[in-house]
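Comments concern the structure below.
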Amino acid sequence: MKYSVAVRELCEFVAKRGDLDLRFTPAPSAQEGIAGHQTVTLRRGAKYLTEITLAGEYGPLQVRGRADGYDPTLNQLEEIKTHRGRLERMPENHRHLHWAQARIYGWLMCELLELQTLTVALVYYNLTTGRETTLTEEHTAQSLKVFFDECCALFLTWAEQEMAHLEARKSALTALDFPHPDFRPGQRDLAETVYKAAFTGRALLAQAPTGIGKTMGTLFPLLKTMANGKLDRAFCLAAKTSGRALTQESLLKLRRSAPGLPLRSLELVARDKTCEHPDKSCHGDSCPLAKGFYDRLPTARAAALKRLHMDQFTLREVALDHQVCPYYLSQEMARWADVISGDYNYYFDSYALLFSLTQARDWRVGVLTDEAHNLIERARAMYTGELAQSTLKTLSKNPPAPLKKSLRKLTRAWNDILSIQSVPYLVYAGLPDKLVMALTTLVADFSEVLAEDPDGLEPDMLNFYFDAVHFARLAETFGPHSWFEVTLSGEGRHADSVLRLRNIVPAPHLQPRFQSAQTAVLFSATLNPFSFYADTLGMPSDTAHTDIISPFHTDQLTVNVVTDVSTRFNDRRASIAPIADLIARQFAGQPGNYLAFFSSFDYLQQVEEALRLRHPHLTVWPQQRQMSEGARTEFLARFTETGQGIGLAVLGGAFAEGIDLPGNRLIGAFVATLGLPQVNPVNEEMRQRLDELFGTGYDYTYLFPGLQKVVQAAGRVIRTLEDRGTLYLIDDRFGQSRIRQLLPDWWTIHHVTCRDRQVKPTHIDRN
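Counting from 1, one number per residue, gives the positions in the sequence shown under full-length UniProt numbering.
Okay, structure coming up:
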């Protein structure tokens, strides 16, 4: 068995040393790096060779890579690096790593051309000045081979361990049985569909009801695909902590069912939740866990892999045992784990760690996206940029001298926009060229300041720089999927404005991520209709889709549509008393715990007041604005098996999805809204744009997102095959045939009225 390793990966493993240093220095972008390399190589002679593919072997190791350039007239191998700022400010450990790469390429070039001697050069190209600084070493082929052999020998023990792990993983996963005596109803169908998609290399949209075990039903078939050699890694992504917890729970079940399972699982957690010294900066002069990080990393890395199940608590323990940063230890372990769980952003955003590793290491990955109905809004936020004028004004008062000119230029471009805008909100036909040029200049000047002094900017100014970089990069891909808008607020000295490059269709940004995956499985209880998600997310044209039949029966949930109440904004005042009376009447007939969902906090508070006034005997607890995690826990704790009362919540909020209240903890729900997003200038502009792109503006902006929230909230009632409950959908529009078509198949709808509760069973024709 051969083990392939890239030169960069080999050198990072064996040659990195010293401190972890995360003081921000603006690294050249990929485009800048490519342009810099081209500038350097174009300065060379006609015989100069570029991008030379090289390979060599050391036992079972296959080392591969591409050297930047070779000058045959000088017999000189060149490793080209772009940079900003003074070269002497570059950390010594960076230079050490660069020399290691150059020497490895040097030996591979000697072997290819049968050279006896070679000049090895580091060429540093300053992007700002255009100046080259060349550092050279004279080597014999033998000295370069000795260096190559030493590096490979250091890596070989690890490579042999990795090869043994892959063989053990394959054998164990091939023999792995499903961790339960049998599949739940619908779970086998889901697992088989996921396996087929992964094996054939297709993406999949899977709508699967709550309660069938979607996490295990998607993870298990990916592990089986891994056993067959079709996958290298599995990424389990979730929108919320609760989704990540389900993945950890499923992994532990697999380990209990197969003791000793050689499967490395890793949980990635946000930096602010894992930092041991939040009052310190991420470099060796400030944080003790950054000091000598790379010197202690090898033993910490080896210790972490022995634990196999590397959740955040295990990694923290290992990290502190070896006095390294837990967060950056987890980033390192992402290179060696088999199953990685984390937030959507680790694969889908513009700086995604897992996406970068997938491309750099040519992994075949399976991407599981839980509660995928959340991905549209999350991705829109990832690829939206904004800048606040109030921040610009503050930063312009006393900026560093090199930034004064470019800040004034941006201010003038900003004011030119404001001079022609007389309305509070306006979407422009395109991006103003003057603004983009001013922003580009400012970003470049910021980069120079930071290159000279990484600690020289205050946090507010550094944050503005990050926002400006994000905005400028989005401007490079501006198109029909986004728009430029300006919002004005306040007057006089309190006037402010916000520039926003808003993404409305994430598809162009997400398409490369789907294309790089062997399979991407997006699953949720609410992915109806599939075309909405395929269009807006940019799923491949051959994406498969499946709608798993619900294991629940119609007699488990009584679904009542209240046809004589309108929750439209203009009708809400008249709806408050009937809704309060309906809730009280249902509670009197069947006491227990209920959740009632409303379109806004204002509406919720009005119904709460009516309940307390008209039915003071009822126990009511409302959701509050901006509840802390402790307050949310306290809210849910009131739903006990023997409890009785009404929880009031906002549709689409913290209690409308992702919570589990089985049995008598929740026996019914009231949904007093269609969940349609608010009609406002932003949504109306989105409706128009989506109509131009897909011909379905109203549905994609309002109807589908609204009903998705309704079905998610209703799904809180029935969680297991033993649950029984009641659901009220309160609005006459729920009686419309088109609306009913978008509700779950297994529901049987009954029409009722608030006045007489007359029940009329309604057959739903879904053909």
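A virtual CB, placed ideally from N, CA and C, is assigned to each residue, including glycine. None of these values were measured; they are calculated from a predicted model.
Minimum C-alpha distance to residue i - residue among the options
i: Leu263; options: Ala631, Ala352, Lys170 and Phe148; result: Lys170
i: Pro591; options: Glu641, Leu474 and Gly229; result: Glu641
i: Ala413; options: Leu499, Ser143, Tyr698 and Leu707; result: Leu499
i: Leu127; options: Ser516, Gln38, Gly630 and Val14; result: Gln38
i: Met226; options: Asp535, Val7, Tyr195 and Ser286; result: Tyr195
i: Phe597; options: Gly715, Asn528 and Ala637; result: Gly715
i: Phe569; options: Ala245, Thr673 and Asp467; result: Thr673
i: Tyr294; options: His309, Pro259 and Gln331; result: Gln331
i: Thr50; options: Ala654, Ile80 and Leu61; result: Ile80
i: Ala517; options: Gln359, Ala270 and Arg307; result: Gln359
i: Ala206; options: Ile549, Glu634, Phe601 and Ala631; result: Ile549
i: Gly284; options: Leu22, Val486 and His139; result: Leu22
i: residue 780; options: Trp621, Ile646 and Thr526; result: Outside the modelled stretch of the chain, which goes from 1 to 767, sits residue 780, for which no answer is possible.
i: Asp343; options: Met382, Thr140, Ala472 and Lys306; result: Met382
i: Phe348; options: Pro616, Thr726, Pro512 and Phe601; result: Pro512
i: Phe552; options: Leu439, Asp731, Gly217 and Ile718; result: Ile718
i: Thr274; options: Leu251, Ala234, Glu609 and Leu320; result: Leu320
i: Leu118; options: Tyr125, Gln142 and Pro221; result: Gln142
Alpha-carbon to alpha-carbon, residue j and residue i
i: Thr696; j: Ile504; result: 14 Å
i: Ala102; j: Gln31; result: 22 Å
i: Gly643; j: Ile667; result: 11 Å
i: Pro91; j: Gly18; result: 10 Å
i: Glu9; j: Trp158; result: 13 Å
i: Met1; j: Gly260; result: 24 Å
i: Phe427; j: Asp433; result: Per the sequence presented here, residue 427 reads as Val, with Phe not at that position. So the alpha carbons of these two residues sit roughly 15 Å apart.
i: Ala379; j: Cys325; result: 29 Å
i: Phe514; j: Ala520; result: 6 Å
i: Gln187; j: Gln556; result: 19 Å
i: Pro402; j: Asp445; result: 7 Å
i: His763; j: Ala197; result: Note that His763 scores a pLDDT of 38, beneath 50, so its modelled location is shaky; the value from the coordinates is reported in the next line. Roughly 35 Å separates the two Cα atoms.
i: Cys110; j: Gln312; result: 46 Å
i: Gln758; j: Phe734; result: For Gln758, the predicted structure reports a pLDDT of 43, less than 50, and the residue's modelled location is therefore unreliable. A value from the coordinates is still provided. Distance between the alpha carbons of Gln758 and Phe734: 16 Å.
i: Gly59; j: Lys306; result: 25 Å
i: Arg740; j: Glu491; result: 47 Å
i: Val120; j: Thr411; result: 48 Å
i: Val40; j: Asp68; result: 10 Å
Residue i classed as buried or exposed, judged by whether at least 16 other C-beta atoms fall within 10 angstroms
i: Thr563; result: buried
i: Ile34; result: exposed
i: Asn767; result: Confidence in Asn767 is poor, its pLDDT being 33 and thus under 50, which makes the residue's placement unreliable; the coordinate value appears in the next sentence. By the 10 Å Cβ count, Asn767 comes out exposed.
i: Asp765; result: A caution first: Asp765 carries a pLDDT of 39, below 50, which makes its placement in the model too unreliable to give a value.
i: His373; result: buried
i: Arg244; result: buried
i: Ser419; result: exposed
i: Phe670; result: buried
i: Val367; result: buried
i: Ala468; result: buried
Residue i: first and last residue of the uninterrupted beta strand (DSSP E) it sits in
i: Pro622; result: Val620 to Pro622
i: Phe670; result: Gly668 to Val671
i: Leu61; result: Leu61 to Asp71
i: Ile730; result: Gly725 to Ile730
i: Leu54; result: Leu49 to Tyr58
i: Val443; result: Segment Asp433 to Glu452 is the alpha helix (DSSP H) holding Val443; no beta strand (DSSP E) there.
i: Tyr425; result: Tyr425 to Tyr428
i: Val710; result: Taken as a continuous stretch (DSSP letters only), Val710 belongs to no beta strand (DSSP E), being part of the alpha helix (DSSP H) at Phe704 to Ala714.
Beta-bridge partners of residue i, as assigned by DSSP
i: Thr543; result: Paired residue(s): none; Thr543 is not in a bridge.
i: Ile646; result: Tyr594 and Val620
i: Tyr125; result: Thr82 and Glu132
i: Ser482; result: Asn503
i: Phe523; result: Ala206
i: Ile104; result: Paired residue(s): none; Ile104 is not in a bridge.
i: Cys236; result: Ser341 and Leu368
i: Asp283; result: Inspection of the sequence shows that residue 283 is occupied by His rather than by Asp. Paired residues: Asp21.
i: Gly385; result: Leu501
Limits of the unbroken alpha helix (DSSP H) element including residue i
i: His373; result: No alpha helix (DSSP H) holds His373; DSSP gives it neither H nor E.
i: residue 827; result: For the chain, the structure presents residues 1 to 767; residue 827 sits outside this window and is missing.
i: Asp691; result: Pro681 to Phe694
i: Leu403; result: Ala401 to Ser419
i: Tyr3; result: Taken as a continuous stretch (DSSP letters only), Tyr3 belongs to no alpha helix (DSSP H), being part of the beta strand (DSSP E) at Tyr3 to Ala6.
i: Ala610; result: Phe601 to Arg614
i: Glu634; result: Glu629 to Ala637
Proximity test, Cβ basis, 9 Å: residue i and chain C
i: Glu51; result: This model lacks chain C altogether, as it is built from one protein chain only.
Residue i: CB within 8 Å of a non-hydrogen atom of the ligand COA
i: Tyr594; result: With respect to small molecules bound, the structure shown includes none, and the ligand COA cannot be examined in it.
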